[in-house]
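For my numbering, count along the sequence shown from 1 and bump the result up by 286. We put the beta carbon where it would ideally sit given N, CA and C, even for glycine. Bear in mind that the values here come from a model prediction, so they are computed numbers and not experimental data. Encoded as structure tokens, the structure appears first; notes follow it.
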Amino acid sequence: MNNTIRVRFAPSPTGELHLGGARTALFNYLFAKQNGGKFCLRIEDTDKARSKDKYVDQICDSLRWMGLHWDGPLMFQSRRKEEYRTAVKQLLNEERAYRCFCSTEELAEERTNAEKEGSFYGYSGKCSQLSDSEIKGKLNSAEPFCIRLKVSNSGNTSFVDEVYGTIEVDNKEIDDFIIQRTDGSATYNFVVVIDDSDMDITHVIRGEDHLTNTLKQIAVYEALSRNIPKFAHLPMILSSEGKRLSKRHGAVGVQTYREKGYLPEALVNFLALLGWNPGDEQEIFSLEELVQEFSLSRIVKKAAVFDDQKFEWMSGQHLMKTSANDLLKT
């Protein structure tokens with residue numbers, strides 16, 4: 287790995303680019319460009335039922351409209367199954383993962399017993415104790431199995447988040463989680479590690495809803511002896527009613543704002559201020575100015591609020607700064 291900063295935006299093409307995703311893409315872009323790094327785009331399209339090519343096109347078109355041009359070719363998770371299988375085989379061969387033959391009923395019984403005892407439920411790990419002959423017998427009988435990562439049940443896993451500081455959890459809360467399902471498909475927390483590692487990603491900047499995922503992903507990095515990137519988690523965006531931003535609370539897709547005639551400069555400016563403090567009273571920024579001013583150290587922990595009135599005011603400010611000829615081009 288060289289010293290070039292590399293970040294990625296990794297949307298799932300199950301709908302148009304929503305505002306939370308657009309802000310994540312923006313913050314990744316700003317951080318990369320300020321540091322002379324690379325902004326990569328990965329399409330996480332493993333959900334065959336919901337992933338659509340038209341949404342890939344919409345997401346890419348929305349990013350271009352916002353001025354967020356990515357470096358290099360698109361990466362598609364759906365085209366990387368062999369890479370995931372190879373990594374799983376490595377972990378099995380090194381005894382850092384194991385086949386789990388437990389049925390749904392057995393796992394449900396374990397969970398019920400834990401609930402009765404009032405204790406945290408984590409998989410017991412009993413299949414990690416199977417002998418080679420027992421495993422061979424189950425395989426010969428074609429018993430279905432998933433593959434679990436072997437996680438130490440003692441000690442803690444921790445990392446220093448660029449926004450939230452030290453995050454630490456007891457390894458018992460991570461437990462031996464599944465990295466490959468019974469149908470042979472790899473799970474989210476496994477594939478993102480393989481992808482980020484293969485892409486030489488140095489910084490993972492994403493929403494705070496991924497904080498718990500990060501701890502599992504670190505366990506995968508360590509098991510594979512791969513370089514662990516730095517992490518920065520962004521505060522959630524709330525609606526003006528104080529609720530988590532969703533489609534129930536108005537237009538939350540970039541495409542929708544574009545169709546309504548808003549300028550991309552206005553949306554970029556507004557999104558940048560949702561969770562990032564410029565450090566002074568300035569509110570109106572161009573994309574170039576944001577690249578110069580942005581820093582991870584000024585991302586705030588408190589949830590950001592999408593204030594519709596403030597956005598309308600900011601849109602007006604950008605309209606006044608835009609020539610008639612430029613308006614005709616938008």
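Legend entry - Limits of the unbroken alpha helix (DSSP H) element including Glu395: Thr390 to Glu403
Legend entry - alpha helix (DSSP H) segment containing Asn475, residue limits: Tyr474 to Asp484
Legend entry - Cut-off 6 angstroms between Cβ atoms - residues of its own chain near Ala296, not counting five sequence neighbours on either side: Arg328 and Glu330
Legend entry - Classification of Pro299 by the beta-carbon crowding that lies within 10 angstroms, buried from 16 upward: buried
Legend entry - Separation of Ile480 from Gln363, as counted between CA atoms: 10 angstroms
Legend entry - Spatially closest choice to Lys659 from Glu527, Met522 and Val490, by CA coordinates: Nothing about residue 659 can be read from this structure; the chain reaches only from 287 to 616.
Legend entry - Endpoints, the beta strand (DSSP E) within which Ser581 is located: Run containing Ser581: none; DSSP gives neither H nor E here.
Legend entry - Residue closest to Val342, alpha-carbon to alpha-carbon, out of Ala472, Gln541, Ala558 and Glu396: Gln541
Inset, instruction - Assign Gly602 to buried or exposed, taking buried as 16 or more other Cβ atoms, counted over all protein chains shown, within 10 Å of its Cβ. - result: exposed
Inset, instruction - Rank Ser337, Trp351 and Phe431 by C-alpha distance to the C-alpha of Tyr548 and give the top, closest one. - result: Trp351
Inset, instruction - Name, in chain order, the residues that DSSP records as bridge partners for Gly493. - result: Leu520
Legend entry - At least three beta-carbon pairs within less than 8 angstroms, the stretch 332 to 341 to the stretch 299 to 319: yes
Inset, instruction - Evaluate Trp599 with the Cβ neighbour count: other Cβ atoms within 10 Å of its Cβ, from every protein chain shown; 16 or more gives buried, anything less gives exposed. - result: exposed
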